[in-house]
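Only one structure is covered here, and it is reproduced in the block below.
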Amino acid sequence: MNTAKTLAAITKYWQQACEDQGLAEQHLAGAGAVFQLELKLKNHYGKKYALCVSNATTGLLAIGLALNLKKEEFITTPYTYGASLAGFLLLENRPIFAEVNSQTLTLEPESVRQKITSNTRAILAVDIYGNPCNQVALRQIADEYGLWYIADAAQSLGAYREGIPASALADALVVSFTVGKSVFAGEGGAILTDNSELYQKLVWLTQHPERQKRDIGLFLTNEFALNARIHPLAAVIALSIFDDSLQQLKLYQYWCFEVINALNKIGLTKSIFWQSEEIIPAFFRLIASWNKEAQATELLNQLSQRNIAVNLEYLLLQPLFTHPAFLAEYEHLFLNHQTVHFCASNYFCLNSLNQLGIKR
Ligand SMILES: *Cc1c(COP(=O)(O)O)cnc(C)c1O
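Going by our numbering, the first residue of the sequence shown is number 3, and it counts up by one from there.
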């Protein structure tokens, strides 16, 4: 990554902001790097509106607030990082956990359909490990039942499915610029949507009156908004590396597909059909599962014969409803009779050890 470019951008912003308070204040209205970064995100996803936020977790909370999802029922995946659900749970929404697809570990649309009740209001899908979920099917189900389709795309910026950016078909999707994500700015995130009413509500609830005035043209402004603004320097950093990060990700994706081809030829792991299904993950993790019993040493040997240097790491993914912290805080929201049948213990991830596979 070209850190000199980023440092120059930071220095320039900080010098100008310290010399000219008027310019510094423009940040409150979402001008400057925030505006530019939102443009890039809108272009990438082909969405009408982008709103930078302090982080993805807060972005998901803001969506729950804006859609007035409070004490409502939503269908989601149990195999994700807890932050996917944090905002919705804080609003006392009740999660219904559906099954996940054995290849992508993302929500299985047919299972979602089966779990819908007359109380269901939303689907919260997660592109876990950067694997794009089946958004065409989820979109169709959401439309059929009149549900909100919300996507946690924190790990999947740069992923595609059937030529469409991962989760772009959701009513609202959230990306993250935190450590390990496709674009790393220290902290930060963004919400994308085509829904103008939702966008205005988000601005009203989470942004400074200066931005409310600019974006919604209000006479009446809301000083009582939650401050979910992105830090201006996070926006400067994300903007300075956005294109390079996605370019570098492309190289990494290329390398991951070479590894997948090798895995499929070696045959110790279940075949991965992503290429034929037009699934291009962001490879937050490159995951695979054993065909029969685990044969780690043999697999590593065969990969190294093909000049692929990796280490293997088991996925320590436990369904959210088994986490002690989930039970301590939210057991009352959770219907205990729910079960999921999927077992993650057969899965592992492959981490690159060589130069070609350097992630970012
Ligand atoms: C990183 C991550 C989050 C949280 O993102 P922040 O920007 O750190 O709040 C949420 N969901 C998933 C799947 C993540 O990987």
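Glycine included, each C-beta is placed from N, C-alpha and C at the ideal position.
* Asked: valine 128: beta carbon under 8 angstroms from a heavy atom of ligand 1?
  -> yes
* To do: Enumerate in chain order the residues of its own chain whose CB-to-CB distance from arginine 96 is below 6 angstroms, with the five nearest sequence positions on each side excluded.
  => Glu75 and Leu335
* To do: Rounded to whole angstroms, what's the CA-CA distance from arginine 362 to alanine 11? Just pull it up for me.
  => Its pLDDT being 47, under 50, arginine 362 is placed unreliably by the model, and nothing is read from it.
* **Proximity of alanine 236 and glycine 190 at Cβ, strictly below 9 angstroms** => yes
* Excluding five sequence neighbours on each side, which residues of the same chain lie with their C-beta closer than 7 angstroms to the C-beta of valine 342? -> Pro80, Phe99, Glu101 and Pro321
* Residue from Leu107, Gly61, Val55 and Lys117 whose Cα sits closest to the Cα of isoleucine 77 -> Lys117
* Cβ of threonine 108 versus every heavy atom of ligand 1: is any distance shorter than 8 angstroms? -> no
* Taking 9 angstroms as the cut-off, decide whether the C-beta atoms of histidine 68 and leucine 204 are in contact. => It should be pointed out that residue 68 corresponds to alanine in this sequence rather than to histidine. It is a contact, given that the beta carbons lie within the stated cut-off.
* Write down the C-beta distance between lysine 272 and serine 291 rounded to the nearest angstrom, noting that I regard them as a contact closer than 8 angstroms. => Taking a contact as a CB-CB distance under 8 angstroms, the pair lysine 272 and serine 291 counts as one, their CB atoms being some 5 angstroms apart.
* Does the beta-carbon distance from valine 138 to glutamate 164 come in below 9 angstroms? -> yes
* Report yes or no: do the segment 41-49 and the segment 302-314 share at least 3 C-beta pairs separated by less than 8 angstroms? => no
* Just mark asparagine 121 as buried or exposed, buried being the case when its beta carbon has 16 or more other beta carbons within 10 Å. => exposed
* Asked: Relative to ligand 1, is the shortest distance from any of its heavy atoms to the C-beta of phenylalanine 286 smaller than 8 angstroms?
  -> yes
* **Distance, histidine 233 Cα to threonine 13 Cα** => 15 angstroms
* Asked: When DSSP builds the beta bridges, which residues end up paired with glutamate 75?
  -> Arg96 and Thr122
* **Alpha-carbon to alpha-carbon, glutamine 23 and leucine 9** => When the Cα atoms are used, leucine 9 and glutamine 23 turn out to be separated by approximately 21 angstroms.
* **Supposed close pair serine 242, lysine 50 - CB separation, criterion 8 angstroms** => With 8 angstroms as the limit, serine 242 and lysine 50 do not qualify as a contact, their Cβ atoms being about 25 angstroms apart.
* Any chance the CB of glycine 190 is under 8 angstroms from a heavy atom of ligand 1? -> Yes.
* Asked: Touching or not, the segment 217-231 and the segment 248-261, by the rule of three or more beta carbon pairs under 8 angstroms?
  -> no
* Asked: Which of helix, strand or coil does DSSP assign to glutamate 295?
  -> coil
* Beta-carbon separation (whole angstroms), methionine 3 vs aspartate 246, contact threshold 8 angstroms -> 6 angstroms
* C-beta atoms of glutamine 340 and phenylalanine 323 nearer than 9 angstroms -> yes
* Asked: By Cβ distance, which residues of its chain are closer than 6 angstroms to tyrosine 15, with the 5 residues on each side in sequence left out?
  -> If the five residues before and after tyrosine 15 are omitted, its C-beta is found closer than 6 angstroms to the C-beta atoms of Val238, all from its own chain and listed in chain order.
* **CA-to-CA distance, isoleucine 152 to valine 55, given in whole angstroms** => 16 angstroms
* Asked: Where does the unbroken alpha helix (DSSP H) through serine 178 begin, and where does it stop?
  -> Unbroken run through serine 178 is the beta strand (DSSP E), 174-178; no alpha helix (DSSP H).
* **Spatial neighbours of arginine 123 in its chain, beta-carbon cut-off 7 angstroms, leaving aside the 5 residues before and after** => Leu71, Glu74, Glu75, Phe76, Leu149 and Trp150
* threonine 106 versus Tyr131, Glu94 and Ala33, residue with shortest Cα-Cα distance -> Tyr131
* Alpha carbon to alpha carbon, how far is histidine 325 from tyrosine 332? Give it in angstroms, no decimals. => When rounded, the separation of the alpha-carbon atoms in tyrosine 332 and histidine 325 is 10 angstroms.
* Asked: Whole-angstrom Cβ separation of leucine 109 and phenylalanine 90, contact assumed at under 8 angstroms?
  -> Not confirmed; about 15 angstroms, so no contact.
* Asked: Are the C-beta of serine 184 and some C-beta of chain C separated by less than 9 angstroms?
  -> The displayed structure is made up of one protein chain only, and chain C is not part of it.
* Which one of Ala155, Lys294 and Ile282 has the shortest CA to CA distance from aspartate 129? -> Considering only alpha carbons, the answer is Ala155.
* Asked: Would you report the Cα separation of alanine 64 and alanine 296, rounded to the nearest angstrom?
  -> Distance between the alpha carbons of alanine 64 and alanine 296 is about 43 angstroms.
* Given that a residue counts as buried once 16 or more other Cβ atoms are within 10 Å of its Cβ, and exposed if not, what is glutamate 199? -> exposed
* **Distance CB(serine 354)-CB(tyrosine 254) smaller than 9 angstroms** => yes
* Is it buried or exposed for glycine 160, if we count other Cβ within 10 angstroms and need 16 for buried? -> buried
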